[in-house]
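Quick note: the sequence shown, position 91, residue 91 per full-length UniProt numbering, numbers continuous. Each residue gets a CB set at the ideal place from its N, CA and C atoms; glycine is no exception.
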Amino acid sequence: FMDPWCQFDFFLVCAALVDEFASGWVAFFSNDEVDSRLLRILRIMRVFRVLRLVKGGSEIKKLLLTILTCIAPLLNVFALLILTLYIYSIVGVQLFTFV
């Protein structure tokens, strides 16, 4: 437990176990929908812990920025692929209409 990453992993495992126990407990003892909504909100809040890691790491920032800048060209390629598929679909329907 001397390494901070080991401590962080231990904390994540303990939080997951507490979450599983609490969700099982709420489902067993309560039929109230409000309690399960609270647990869902707590699970969603776990995602924000990742943002703290992104804030500190410049390499992760570079990686995310690169991924974000690649999205627009990939959308263009995807649109071209859909157009090609559409054209071949029309040609296929015309060629194999009477088969």
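Under the three-state DSSP convention, the category Phe-96 falls into: Here residue 96 refers to the residue found at position 96 when the sequence shown is read from its first residue. In the structure shown, Phe-96 sits in coil (DSSP, three-state: anything other than H, G, I, E or B).
Per-residue DSSP class, three states only, for Asp-3: One-based indexing of the sequence shown puts residue 3 at position 3. DSSP places Asp-3 in coil when its eight states are reduced to three.
Inter-residue Cα distance where the pair is Leu-74 and Ser-58: Start at 1 with the first residue of the sequence shown, and residue 74 comes out as number 74. Start at 1 with the first residue of the sequence shown, and residue 58 comes out as number 58. Spanning the two alpha carbons is a distance of roughly 24 Å.
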